[in-house]
Ligand SMILES: *[C@@H]1O[C@H](CO)[C@@H](O)[C@H](O)[C@H]1NC(C)=O
Ligand SMILES: *[C@@H]1O[C@H](CO)[C@@H](O)[C@H](O)[C@H]1NC(C)=O
Ligand SMILES: *[C@@H]1O[C@H](CO)[C@@H](O)[C@H](O)[C@H]1NC(C)=O
């Protein structure tokens, strides 16, 4: 084998998700496409589904995310809003064999594999919603092997529960304003009764 051919083979090994055995690079944040020269994603539907532990989310409440399907080795997981390609929110404590990937200027904006060890439905990812967000979806690239992967695997839409929470807070503070007045009224009535007695 001549040096040139050997060079190309080495190059392919280095440019191929599981060409990134240590995780997807930041250049994959937006299109979530592994840089395998000439290797196309598998056609959808993927054998994978993304399962958040809630269909709604609220600022500060973590969401657990599991990817169900056959065992997988490579992953790139982000939360996104609408057609915006920006990774939003913050991932927490990557499960074993995975790590953070800095996306959209956020050090914890995405999760990718840290090695090619098997991941499965026991691999639980935890996402913290941002302070403000519209509805979101989780989007993943999932690789079974270097040459077998699916892109744009999506969860169903999670709706922001912040709106509801805000109006609840308004209610609560209204209650808080009303309550002392009621107590005062009761006290006054009691005094009136006392005076009348
Ligand atoms: C989802 O999991 C997180 C983290 O354990 C938990 O804080 C949250 O309450 C769970 N949500 C639901 C709806 O069970
Ligand atoms: C998931 O993979 C891990 C590591 O290979 C293994 O120990 C565990 O039993 C698997 N869990 C399931 C539910 O397949
Ligand atoms: C997890 O994967 C194992 C092995 O493929 C399967 O038997 C089990 O039903 C799965 N659990 C869930 C919650 O999908």
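Numbering (mature numbering (1 follows the signal peptide of the UniProt record, and there is no 0)), first residue to last: -19 to -1, 1 to 178.
The beta carbon of each residue, even a glycine, is placed where N, CA and C say it ideally should be.
Residue 45 and residue 110 have their C-alpha atoms roughly 11 Å apart. In this structure, 102 is the residue among 102, 140, 139 and 117 with its C-alpha nearest to the C-alpha of residue 28. Inter-residue distance for residue 43 and residue 74 is about 12 Å (C-alpha atoms, whole angstroms).
DSSP places residue 114 outside both helix and strand once states are collapsed to three, so it counts as coil.
Rounded to whole angstroms, the Cβ separation of residue 112 and residue 40 is 5 Å, and the two are in contact under 8 Å. For residue 49, the uninterrupted beta strand (DSSP E) run begins and ends at 44 to 49, by DSSP. At a Cβ-Cβ threshold of 8 Å, residue 68 and residue 10 count as neighbours. By the criterion of a C-beta distance shorter than 7 Å, residue 121 is surrounded in its chain by 31, 48, 56, 57, 58 and 134, once the five residues flanking it on both sides are discounted.
Residue 31: member of the beta strand (DSSP E) spanning 30 to 33, first to last residue.
With distances taken between CA atoms, residue 124 lies nearest to 51 out of 118, 106, 61 and 51. As a beta-bridge residue in DSSP terms, residue 84 pairs with 87. Residue 142 and residue 35 have their C-alpha atoms some 11 Å from each other. For residue 49, the Cβ falls inside the 7 Å cut-off from some heavy atom of ligand 3. If you draw a straight line from the Cα of residue 38 to the Cα of residue 93, it comes to about 22 Å. The residue from 62, 140, 139 and 126 with its alpha-carbon nearest to that of residue 20 is 126.
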